[in-house]
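Visitor: Below is a structure I'd like to ask you about.
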Amino acid sequence: MNILLRLALFFAGAGHYGSYFLAYIFETIFFMIFVAVVLIFTIYLFRKYMARLQLRYGPNRVGKFGSLQLIADALKLMGKESILPSGRDDFAFRVAPLIVFIGLFVGFAIIPYGSFYWIGSLTITHSNVSLLLIFGALAIMPIGEIVAGASSKNKYAVLGALRGVAKDISFEIPMMLSVIALVMMASARTANGLNLEDLTSVQFIPYGIPEVIGLFVFFIAMIARAAYSPFDLGESDSELVSGYSTEYSGMRFGMFYMGLFGSIFLGSMLVSVLYLGGYNGPFSSYAGFIYLLIKTLILVLVAFLVWLSIPRIRIDRFVNMGWKYLLPIAVINLIISGVLTLGLGI
Amino acid sequence: MLDGYIPLLIVLVLLIAGMIGLFSVLPSLSEGRYKKSKGVSLKVDDIVSSMVREKGPEVKDGAYLETYESGEVARGEIGKFVTVQYFVIILLFVVFDIDIVLLFPWAMDFKALGILPFIETLVFLAMPLFIVLYAFKEGYMRWMK
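Chains as they are written, first to last, in the numbering used here: chain S, 24 to 369; chain Z, 7 to 151.
Here it is in structure tokens:
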């Protein structure tokens with residue numbers, strides 16, 4: 024049983040095709056509301072957590088514990104003027120925030136969410152190659168940043184976009200190598216290791232335990248992918264004004280901002296699905312979704328801690344880190360997991 | 007089989023429609039405060055639009071739309087001087103990425119294929135790793151040679 028069938032039963036009065044049509048539409052709308060809530064909650068959590076680490080109070084005026092602060096911020100951003108600079112490449116400038124946003128939503132749509140209470144499975148996209156699909160969706164978001172930097176015809180923005188490219192491609196290879204190690208391990212148990220649902224359901228022992236190195240490499244690569252503080256070379260605000268988003272203001276800037284926080288949450292969710300067992304746990308047919316959220320929240324807090332405690336590194340050290348350290352470590356991890364799979368049959 | 011992808015399609019359609027709607031409805035996104043001076047207008051449309059939309063005063067200074075470069079007047083052209091190091095990194099990436107695409111089908115059947123393809127794959131992986139080693143020896147990882 025999954026959410027689609029439940030909704031189709033609920034709309035059974037509309038006939039066979041009508042009920043499924045309504046079920047698909049409402050399933051997607053519920054999903055989009057969930058992502059919007061996640062985005063707002065992540066930004067609120069970040070501001071509260073940063074305030075606590077810096078011995079401040081954080082937002083505490085609007086609503087109870089400042090919980091409505093983000094709604095107020097969103098309304099403010101919508102009301103603000105979005106300045107379109109005169110030298111821009113018009114279509115690319117307008118479409119760049121949308122690319123980031125769409126990549127984010129598509130990425131969220133592919134995650135296997137597990138079951139919740141009597142509804143059953145909450146996963147909305149059922150694909151046999153969802154692992155490849157989600158990395159494709161993750162690769163869309165940097166394109167938006169590059170288009171933004173190149174189209175605003177600003178020196179800082181162009182530099183930010185170039186650094187963003189270097190950042191993305193330096194960490195892509197170790198990330199994909201650690202994922203390949205994961206698929207190798209899963210090949211002992213399932214015939215289709217490229218399906219995230221299968222890959223999660225065979226993790227009786229979370230793959231983070233036999234593949235500690237892979238988890239380490241993948242988490243660092245996800246942090247670099249999301250582009251926050253140790254790796255925020257694309258928008259390093261003390262050198263380049265604000266990198267690729269220099270010329271953006273108003274709601275268009277807000278989309279980049281939400282894309283950043285969304286990609287932190289999405290990356291943490293992906294790490295918990297691939298390495299920490301995702302929705303697996305005791306009574307996972309009733310509370311799998313809750314387990315996934317708890318694991319993701321812990322990883323999000325770790326990611327915020329990294330963000331708030333490590334200063335930005337220089338671009339050459341950064342590229343070094345990807346190619347000189349993480350890449351050999353990822354290859355070693357590949358060899359170790361191959362030996363484990365062939366030798367011990369884990 | 008393809009019905010698993012329908013929600014993805016609906017997400018795309020809803021997002022694009024929603025964004026187009028948002029961008030055309032919100033005056034802050036669709037049009038700016040910068041207007042060339044038209045003088046006083048007594049047309050009904052202009053009066054209504056200035057009454058309905060609570061906007062700030064219109065800006066008539068051309069510097070309002072110039073690129074922001076920390077207060078300096080923007081000079082010169084962009085994109086003329088790009089460090090060649092970026093190019094080398096991108097070449098390395100292309101070499102490796104093709105390699106990794108070819109590894110996925112092997113990884114799916116890893117357990118069934120056994121030990122010999124594993125060793126062959128390690129040799130296959132060693133070739134692009136050698137290229138990275140070469141670039142490292144040549145000093146491209148040091149950014150400024």
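Note that beta-carbon positions come from the ideal geometry of N, C-alpha and C, so glycine has one too.
#1: Going by other Cβ atoms of all chains shown within 10 Å of its Cβ, with 16 needed for buried, is S/Phe-227 buried or exposed?
#2: Please name the residue, chosen from S/Thr-269, S/Leu-27 and S/Gly-143, that lies closest to S/Phe-370 on a Cα-to-Cα basis.
#3: Roughly how many angstroms separate the alpha carbons of S/Met-274 and S/Lys-103, rounded to a whole number?
#4: Pull up the CB-CB distance for S/Leu-217 and S/Val-123, whole angstroms please, since I reckon it's below 8 Å.
#5: Would S/Leu-93 and S/Ile-63 qualify as a contact pair, given that the criterion is a beta-carbon distance under 7 Å?
#6: List the whole-angstrom C-beta distance separating S/Glu-50 from S/Ile-196, where the pair is believed to meet the contact cut-off of C-beta under 8 Å.
#7: Do S/Arg-186 and S/Gly-257 have their C-beta atoms within less than 7 Å of each other?
#8: Report the neighbours of S/Ile-192 on chain Z: residues whose CB is nearer than 7 Å to its CB, in chain order.
#9: In the DSSP output, which residue or residues are listed as bridge partners for S/Phe-139?
#10: So with Cβ pairs under 7 Å, would you call S/Ala-244 a contact of chain Z?
#11: Should S/Tyr-47 be flagged as near chain Z, meaning a C-beta pair shorter than 7 Å?
#12: With 7 Å as the threshold, decide whether the Cβ of Z/Phe-102 is near any Cβ in chain S.
#13: Name, please, each residue of chain Z whose Cβ falls closer than 8 Å to the Cβ of S/Leu-217.
#14: Do S/Ile-26 and S/Ile-142 count as a contact pair if the criterion is CB distance below 7 Å?
#15: In three-state terms, what does DSSP make of S/Asn-215?
#16: Within 7 Å of any Cβ in chain S, is that where the Cβ of Z/Val-129 sits?
#17: Output yes if chain Z places a C-beta closer than 7 Å to the C-beta of S/Asn-3; else output no.
#18: What are the boundary residues of the alpha helix (DSSP H) that includes Z/Pro-123?
#19: At the level of alpha carbons, what is the spacing between S/Leu-98 and Z/Val-31?
#20: Classify S/Ala-247 as buried or exposed, calling it buried when 16 or more other Cβ atoms lie within 10 Å of its own Cβ.
#21: Which residues in the same chain have their Cβ closer than 6 Å to the Cβ of S/Leu-154, if we skip the five residues on either side of it in sequence?
#22: Helix, strand or coil for S/Asn-177? Go by DSSP, reduced to three states.
#23: Considering only their Cβ atoms, is the gap separating S/Ser-272 from S/Ser-105 smaller than 7 Å?
#24: So which residues on chain Z does S/Asn-343 lean against when the C-beta distance must stay under 7 Å?
#25: By the criterion of Cβ-Cβ separation under 7 Å, what are the contact partners of Z/Tyr-11 in chain S?
#26: Considering only the alpha carbon of each residue, which of S/Ala-209, S/Gly-137 and S/Phe-131 lies closest to Z/Met-114?
#27: Taking the alpha carbon of S/Val-202 as the point to measure from, which residue in S/Asp-221, S/Ile-192 and S/Phe-158 has its own alpha carbon closest?
#28: Do S/Ser-138 and S/Gly-304 count as a contact pair if the criterion is CB distance below 7 Å?
#29: Looking at C-beta atoms only, is the number of pairs between the segment 95-111 of chain Z and the segment 131-146 of chain Z that lie closer than 8 Å three or more?
#30: Measuring CB to CB, does S/Tyr-302 end up less than 7 Å from S/Tyr-314?
Guide: Well, looking at it:
#1: exposed
#2: Missing from the structure shown is residue 370 of chain S; chain S here goes from 24 to 369 and no further.
#3: The alpha-carbon atoms of S/Met-274 and S/Lys-103 are separated by roughly 7 Å.
#4: Not confirmed; about 26 Å, so no contact.
#5: yes
#6: The pair is not a contact, with the Cβ atoms about 36 Å apart (cut-off 8 Å).
#7: yes
#8: Ile-95, Ile-96 and Phe-99
#9: S/Gly-143
#10: no
#11: Interface criterion met: the Cβ of S/Tyr-47 is under 7 Å from a Cβ in chain Z.
#12: yes
#13: Phe-110 and Met-114
#14: yes
#15: S/Asn-215: coil per DSSP, three-state reduction.
#16: no
#17: The displayed coordinates of chain S run from 24 to 369. Any statement about residue 3 of chain S would go beyond what the structure contains.
#18: Per DSSP, Z/Pro-123 is one residue of the alpha helix (DSSP H) stretching across 121-144.
#19: Whole-angstrom Cα-Cα distance: 14 Å.
#20: Its Cβ being crowded by 16 or more others within 10 Å, S/Ala-247 is buried.
#21: Leu-217 and Leu-219
#22: coil
#23: yes
#24: Simply Met-147.
#25: Thr-148 and Ser-150
#26: S/Ala-209
#27: S/Phe-158
#28: no
#29: yes
#30: yes
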